[in-house]
Each structure stands twice: as C-alpha cells, then as structure tokens.
Ligand code: SF4
Ligand code: SF4
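Numbering (this note's numbering), first residue to last: 1 to 204.
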C-alpha cells in the first residue's frame with residue numbers, strides 16, 4: 001500500500017519542478033511549429049486562376065464559378081472562393097498548384113468566429129473566351145503563364161501569342177450573342193477554343 005503512495009508523491013514533486021507542458025495562451029501569443037498547416041493563403045501574383053486547386057479540394061472549401069458575361073456586356077470573369085470554415089488543412093491545394101506558388105498553407109490557426117458568412121474570401125480573374133463560339137478557354141493569366149512556360153514553342157499557337165501581346169478581348173465577344181458562323185481561314189490569328197482551332201486546322 002505504501003509503494004504506490006510513494007510513487008505518486010515522487011511524481012507530484014517531479015511535476016512541481018518540471019517545466020510547464022501547457023501554453024499560457026491567450027496571455028502570451030501561441031507559437032506554432034514551423035511546418036504547421038493553417039489557413040490556406042493565395043499569392044495573387046503567382047496564382048493564375050487555373051482552378052486546379054479547386055478540383056483537388058476534398059471538402060469543396062475551394063469552389064469556382066465562371067461568368068461569361070453576355071448581353072449586359074460585362075467582361076467574362078472567374079471567381080474562386082475559399083471557405084476556411086470547411087477547410088481541413090490537408091494541403092492538397094498547395095501540393096497540386098499549377099504554378100507551385102499560387103496557394104500555401106500559412107501558420108494562421110486562430111480562425112474561430114461567430115459568423116460563417118465572413119469566413120470566406122473570393123478572388124476574381126479575367127476569363128478568355130473563344131472569339132468564334134464564345135466557349136471558355138481559361139483565364140487570361142493562365143494563357144500568359146503558358147506562353148512563358150513554353151518559350152519558343154508558344155509561337156505555334158496564335159492564341160498564346162495574342163495573350164502575351166495583350167491583345168485579348170476586353171469584353172465578351174460579339175459571337176456569343178449571335179449564332180456562331182463557320183470558322184474561316186481568316187480566323188487564324190484569333191483566340192480560339194480547341195474545338196474551333198480543330199475545325200480551322202481541318203479547313204486549312
Ligand atoms: S487545405 Fe485541403 S481542404 Fe483546405 S482548401 Fe486546400 S485542398 Fe481544400
Ligand atoms: S492551382 Fe494554384 S495557380 Fe491554379 S487557381 Fe489554384 S492557387 Fe491559383
């Protein structure tokens with residue numbers, strides 16, 4: 001009977017003279033480990049709005065909507081929304097980012113709040129649509145990124161050349177509002193979707 005009591009007494013004395021195991025938060029700031037996985041943060045310089053991260057997010061914390069503009073004349077836009085109240089900090093978005101720098105998990109951990117609606121952020125990217133049929137091709141930033149990635153090989157693709165030279169359409173093309181005409185050989189130097197480009201190549 002005495003031995004267990006002596007062991008407990010020893011443990012109590014050890015605990016009194018040991019360093020503290022708990023933190024003093026909120027009296028002192030919480031220091032998280034170097035590789036802590038907290039709130040995902042976009043780097044809007046490096047993010048091209050391609051949507052790859054949206055496709056790999058297991059909880060739909062990342063979502064994407066594309067608006068092609070149209071009759072009211074507003075330019076086509078892609079919106080990517082991050083809801084960090086549904087994020088599980090798995091890191092899939094960071095690991096699969098096309099540019100490898102567009103989104104990274106930060107060390108922000110204190111994300112609690114009372115209003116779920118405020119736990120979201122949305123970023124907008126200009127969309128490029130096909131000048132012939134109005135189909136969505138991708139974001140303008142993505143086309144420019146591809147041009148830079150491909151180097152001289154990009155010269156085989158007029159859409160990428162036009163993207164780089166800043167000649168992309170500022171607004172939704174007229175052809176989105178009217179019935180699309182057949183692709184003509186004169187469309188060679190226009191921004192075309194893969195389907196229209198294929199038709200053009202058959203015609204050439
Ligand atoms: S960390 Fe995981 S759950 Fe959170 S946004 Fe990225 S992919 Fe989605
Ligand atoms: S995968 Fe990277 S570059 Fe593409 S939208 Fe997500 S964060 Fe941006």
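For every residue, glycine included, the Cβ atom is placed at its ideal position computed from N, Cα and C.
Query raised in the report: With DSSP run on the structure shown, which of helix, strand or coil describes residue 115?
Result: Looking at residue 115 - three-state DSSP - the assignment turns out to be coil, as it is neither helix nor strand.
Report task. Within 10 angstroms of the Cβ of residue 131, are there 16 or more other Cβ atoms? Answer buried if so, exposed if not. Result -> By the C-beta density criterion, residue 131 is buried, having at least 16 other C-beta atoms within 10 angstroms.
Query raised in the report: Quick one: what's got a C-beta closer than 8 angstroms to residue 179's C-beta in the same chain, skipping five residues either side?
Result: Low local confidence applies: a pLDDT of 47 at residue 179 is under 50, so the model's placement there is unreliable, with the coordinate-based value given in what follows. Only residues of its own chain outside the window of five on either side were considered, and among them none has a CB closer than 8 angstroms to the CB of residue 179.
Query raised in the report: Cβ atoms of residue 98 and residue 61: under 8 angstroms apart, would you say?
Result: Contact flag unset, no.
Query raised in the report: Going by C-alpha distance, which of 108, 91, 127, 193 is nearest residue 30?
Result: That would be 108, whose Cα lies nearest to the Cα of residue 30.
Query raised in the report: residue 125 and residue 49 look like a contact to me (Cβ under 8 angstroms); what is the Cβ gap, rounded to whole Å?
Result: So it is a contact: roughly 3 angstroms between Cβ atoms.
Report task. Output the distance between the C-alpha atoms of residue 121 and residue 17, rounded to the nearest integer angstrom. Result -> C-alpha separation (whole angstroms): 47 angstroms.
Report task. Quick one: give me the first and last residue of the beta strand (DSSP E) that residue 222 is part of. Result -> Since the first residue shown for the chain is 1 and the last is 204, residue 222 is missing from the structure and cannot be characterised.
**Report entry** Alpha-carbon to alpha-carbon, residue 141 and residue 188
**Finding:** Approximately 22 angstroms, taken between the alpha carbons.
**Report entry** Close Cβ partners of residue 91 (< 7 angstroms) along its chain, the five nearest in sequence each way excluded
**Finding:** Excluding the 5 residues flanking it on each side, residue 91 has same chain C-beta neighbours closer than 7 angstroms at 37, 105, in chain order.
Query raised in the report: In or out: residue 78 buried (at least 16 other Cβ within 10 Å) or exposed?
Result: It counts as buried.
Query raised in the report: Which residue or residues does DSSP assign as beta-bridge partners of residue 78?
Result: Note: residue 78 sits in a beta bridge opposite 66, 125.
**Report entry** Helix, strand or coil at residue 197 [DSSP, three-state]
**Finding:** In this structure, residue 197 counts as helix in the three-state DSSP scheme.
Query - Rounded Cβ spacing between residue 159 and residue 191 (contact assumed at less than 8 angstroms) - result: With a beta-carbon spacing of about 5 angstroms, residue 159 and residue 191 fall inside the 8 angstroms limit used to define contacts.
Report task. Per DSSP, which residues does residue 105 bridge with? Please list them. Result -> Answer is 40.
Query raised in the report: Could you check where the alpha helix (DSSP H) with residue 34 kicks off and where it finishes?
Result: Residue 34: not part of any alpha helix (DSSP H); DSSP gives it neither H nor E.
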